[in-house]
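S.K.: Attaching a single structure in structure tokens format; questions to follow.
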Amino acid sequence: MKKTILTLCALVMCVGSFAQKVTQNASYQFFVDLTTVKNDKLEVSLIAPKINKDEITYNLPKIVPGTYANYDFGRYITDFKAFDAAGKALKVEKLDKNSYKIAKAKSLYKITYLVDDTWDSPEISGEYVFEPAGTDIEKDTLFAVNTHGFFGYFDNLKNVTYNVNFSKPKGFYGATSMIASKSDASSDLFSVGNYNDLVDAPIMYSKPDTTVLKVGGADILISVYSPNKKANSAEIAANVKTLLEAQKEYLGGTLPIKKYAFLIILSDNLKNGSYGALEHSYSSFYYLPEASAEELSQTVKDVCAHEFFHIVTPLSIHSEEIGDFDFNKPKMSKHLWMYEGMTEYAAGHMQVMYDLIPLGQYLNMVRNKINSMYDRYDEKVPFTVMSADVLEKYKDQYPNVYEKGALIGLCLDIKLRQLSKGAYGTQNLMRDLSKYYGKEKSFKDPELFDKITEITKFPELRQFFAKYVEGSQPLPLEEIFQSVGIEFQKEAKVREKSIGVSVYSLGLNQESKAIYILDDEGIDAFGKKLGLKAGDEFVSLNGKALDLANFRNTRTDFMQNAKENDTINMVVMRKEGDKKVEVKLSAPLFIPEITEKNLLKPVASPSEAQVTLLKAWLSPASK
């Protein structure tokens, strides 16, 4: 990659003045001063590349890879101005939410505009921006710089060098997968070859809390921001090190990268009650509730496992729609089953394969996906059809990529192992596809299923895709699980311990950030004995917090240790009239008989063929 390095005068130039000019060339030269925050906004200044047209349009993205939603980042841009080299203002016309047309573009020298952050800006109409894809500006504290929220591109000028210079507060560090071209105590200069690469590399500026792990020949940076210091990077690094080592083995013993960055923001004030992560080729950006490393342990493992596997797809396997992504008129690929579904499948499969979780826990994870797939989504819509129209018509079906998408991966993996007598699975398939395509070569959307069939030399796979991915036939779960000695019961009467309500009947109060009961339907017999009601917000269970940060661990501890007839004490907040009051509930634990769906458990006496295929599916030796 050819890099254009700014001159020293460019590095020290005052971005608010025309007194000292930066020489224009073919590259973008951006400046952002993080030490100058005004009304929770930052000014972005651009010395534009030379333009050879009479007018040009500057764009902020409508959508960015991995989000599958129209975010319109131009909504957060104000006071957009353009100037010639003498400082004379040029005429600017705002075309839509994201685009500005500039007249007399051949004389364009500089652009300036203000950027508001997405996390806590005043109400702006349009799609809510998922925090890991958004931006945060907290003076002298934290800057979440998802680069697509700050920087744009001119029409037909995405594939030129981007130089981005940050002035930073004293003691701040910019954590990112990028390697700075220049860096000192007060500034950083990053240079990348094109706009796609810039968008692919978020930056987190804060007082440094970083740890670097060496895994599979790669440097893995873990950078953490925890406002109340409840967790630190060393603790989280220790938690995920075993996971990353297992992922390295799952991917064949080495990693196809030299550097990777986990950028983790732990929030004590979840703005919209939503948390998670967004993947990039060489990094992932996390927004999680603040808690101790121990409390976050399994959540961090599950999320990190998923996001890290995106180094396979779409980094090394992607269609033309992603390889040449259109940030303002996107065309979606029909292969979300692979980008998100196979990634989600691998994240769980790897953990059970390398004994990071027991088989029972893994089967429960799979069962939850089956329940969600059947209960929440339209099984009649072919997965490829949903994927291609996920921005509009099937927007509400998108979360099924993590449910049915992962189950497609599971069925495909076991089917491959059946056909190959255990010698070949989806691990091998993804490696072979990576070798055939790679980062620089995109596939045509309609060709992928045929290419997979050609690579594996199993013509039966083409029919599998036609039926269950391109078609609307239900996945052959019973047949697939039976082949590995797992009994699949669609419905059965069981006695099952609970906290009094099904997890599928829980919601999150956006104002109080408390978990609450959506309706009476999910309250079981024990919950009714306790006295739970629809609308109750959980406070504690047997003295342990039952809030967003601790719910999973508290519930898990209860399920593992509470015994029938133990006295159970629960505290909830309940609305009475115009106010909420604290209500204490208590009852002896009893385990009611309930109807459960989609149960999975190993068969009592598996056949030799079932044992062999199960071992091929779950044993590392089968790679």
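For the sequence shown, the positions run -19 to -1, 1 to 604 when mature numbering (1 follows the signal peptide of the UniProt record, and there is no 0) is used. Where is the CB? At the ideal position from N, CA and C, for every residue including glycine.
1. Since I believe Leu244 is in contact with Glu214 (beta carbons under 8 Å), could you give me their beta-carbon distance rounded to a whole number of angstroms?
2. Return the bridge partner residues of Arg555 from the DSSP annotation.
3. Grouping DSSP H, G and I as helix and E and B as strand, with all else coil, what is Phe12?
4. Looking at Val592 and Gly488, is the spacing between their C-beta atoms short of 9 Å?
5. Here's the rule: buried if 16 or more other CB atoms are within 10 angstroms of the residue's CB, otherwise exposed. What is Tyr485?
6. Would you kindly work out how many angstroms separate the C-alpha atoms of Ile(-15) and Leu95, rounded to a whole number?
7. Give the range of the beta strand (DSSP E) segment to which Phe64 is assigned.
8. According to DSSP, is Val167 part of a helix, a strand, or is it coil?
9. On a CA-only basis, which of Gly152, Thr142 and Asp97 is nearest Ala125? Give me that one, please.
10. With DSSP run on the structure shown, which of helix, strand or coil describes Asp501?
11. Taking buried to mean at least 16 other C-beta atoms within 10 Å of its own C-beta, is Met540 buried or exposed?
12. In the structure shown, what three-state DSSP assignment does Met159 receive?
13. Is it a yes or a no for the stretch 163 to 171 touching the stretch 129 to 137, going by three-plus beta-carbon pairs under 8 Å?
14. By a C-beta neighbour count over all protein chains shown, 10 Å radius and 16 as the cutoff for buried, is Val193 buried or exposed?
15. Return helix, strand or coil for Gln491, following the three-state DSSP convention.
16. For Ala227, does the three-state DSSP call read helix, strand or coil?
17. Could you spell out where the beta strand (DSSP E) holding Val45 opens and where it closes?
18. Look at the Cβ atom of residue 607, then the Cβ atom of Phe171, and state whether they are nearer than 9 Å.
19. Measuring straight from C-alpha to C-alpha, what distance separates Lys596 and Ile461?
20. Only counting the same chain, and skipping five residues up and downstream in sequence, which positions put a Cβ closer than 7 Å to that of Gly152?
21. Please state whether DSSP places Pro237 in a helix, a strand or coil.
22. Nearest-angstrom Cα distance between Glu492 and Thr122?
23. Less than 9 Å between the beta carbons of residue 611 and Glu271, yes or no?
24. Which residue wins for smallest C-alpha separation from Tyr9, given the options Tyr90, Glu325, Lys582 and Asp500?
25. Distance check for Ala328 and Met334, CA to CA, integer angstroms please.
26. Is DSSP giving Leu257 helix, strand or coil here?
27. Quick one: is Gln470 buried, meaning 16 or more other Cβ sit within 10 Å of its Cβ, or exposed?
28. Look up Asp97 in the DSSP assignment and say whether it is helix, strand or coil.
29. Taking Cβ to Cβ, would you say Tyr186 is nearer than 9 Å to Phe11?
30. Per DSSP, which residues does Tyr206 bridge with? Please list them.
31. Is Ala(-1) buried or exposed, if buried means 16 or more other CB atoms sit within 10 Å of its CB?
32. Sort Lys239, Gln228, His330 and Pro208 by Cα distance to Met346 and report the nearest one.
33. Grab me the residues of Ile436's own chain with a C-beta within less than 8 Å of its C-beta, minus the 5 sequence neighbours each way, in chain order.
34. What is the rounded straight-line gap between the Cα of Thr535 and the Cα of Lys432?
35. Between the stretch 398 to 405 and the stretch 311 to 327, are three or more C-beta pairs nearer than 8 Å?
36. Please specify which runs of the alpha helix (DSSP H), each continuous and at least 4 residues long, are wholly inside the stretch 388 to 448, giving them in chain order.
M.R.: Reading it off the structure:
1. Sequence check: residue 214 is Ser here, not Glu. In fact, because the Cβ distance is near 11 Å, the residues do not count as touching under 8 Å.
2. According to DSSP, Arg555 bridges with Val562.
3. DSSP places Phe12 in strand when its eight states are reduced to three.
4. No.
5. Of the other Cβ atoms in all chains shown, fewer than 16 fall within 10 Å of the Cβ of Tyr485; this residue is therefore exposed.
6. Residue confidence is low: Ile(-15) scores 28 on pLDDT, short of 50, so the model does not pin down where it sits. Its coordinate-derived value is still stated next. So the alpha carbons of these two residues sit roughly 25 Å apart.
7. For Phe64, the uninterrupted beta strand (DSSP E) segment begins and ends at Ile58 to Asp65.
8. According to the sequence displayed, residue 167 carries Ser and not Val. In the structure shown, Ser167 sits in coil (DSSP, three-state: anything other than H, G, I, E or B).
9. In terms of CA proximity to Ala125, Asp97 leads the group Gly152, Thr142 and Asp97.
10. Of the three classes helix, strand and coil, the one that applies to Asp501 here is helix, per DSSP.
11. By the neighbour-count rule (16 or more Cβ atoms within 10 Å), Met540 is not buried but exposed.
12. In the three-state scheme derived from DSSP, where H, G and I count as helix and E and B as strand, Met159 is classed as coil.
13. No, the stretch 163 to 171 is not in contact with the stretch 129 to 137.
14. Sixteen is the threshold: since fewer than 16 other Cβ atoms of the shown chains lie within 10 Å of the Cβ of Val193, the residue is exposed.
15. Assignment of Gln491 by DSSP, reduced to helix, strand and coil, places it in the coil class.
16. Three-state result, Ala227: helix.
17. The continuous stretches of beta strand (DSSP E) do not include Val45, and DSSP gives it neither H nor E.
18. Past the boundaries of the shown model lies residue 607; the chain is included only from -19 to 604, so the question cannot be answered.
19. Rounded to the nearest angstrom, the two C-alpha atoms are 14 Å apart.
20. Sequence-distant partners of Gly152 (beyond 5 residues in either direction) whose C-beta falls short of 7 Å from its own C-beta, in its chain, are Lys188.
21. The DSSP-derived three-state label of Pro237 is coil.
22. So the alpha carbons of these two residues sit roughly 24 Å apart.
23. Given a span of -19 to 604 for the chain in the structure shown, any question on residue 611 remains unanswerable.
24. Closest by alpha carbon: Tyr90.
25. Roughly 10 Å between the two C-alpha positions.
26. Reading off the sequence, residue 257 comes out as Gly, not Leu. Three-state DSSP puts Gly257 in a strand.
27. Using a 10 angstroms sphere on the CB of Gln470, the tally of other CB atoms stays under 16, which defines it as exposed.
28. Collapsing the DSSP output to three states places Asp97 in a strand.
29. It is not a contact, given that the beta carbons lie outside the stated cut-off.
30. Looking at the DSSP assignment, Tyr206 forms a beta bridge with Ile246.
31. Low local confidence applies: a pLDDT of 37 at Ala(-1) is under 50, so the model's placement there is unreliable, with the coordinate-based value given in what follows. Label assigned to Ala(-1): exposed.
32. Looking at the Cα atoms, His330 is the closest of the given residues.
33. Around Ile436: Leu410, Asp413, Leu414 and Tyr417.
34. Pairing Thr535 with Lys432, the inter-Cα distance amounts to about 47 Å.
35. At 8 Å Cβ cutoff, the stretches do not touch.
36. Taking only runs of at least 4 residues, the alpha helix (DSSP H) segments lying wholly in the stretch 388 to 448 are 407 to 417 and 429 to 437.
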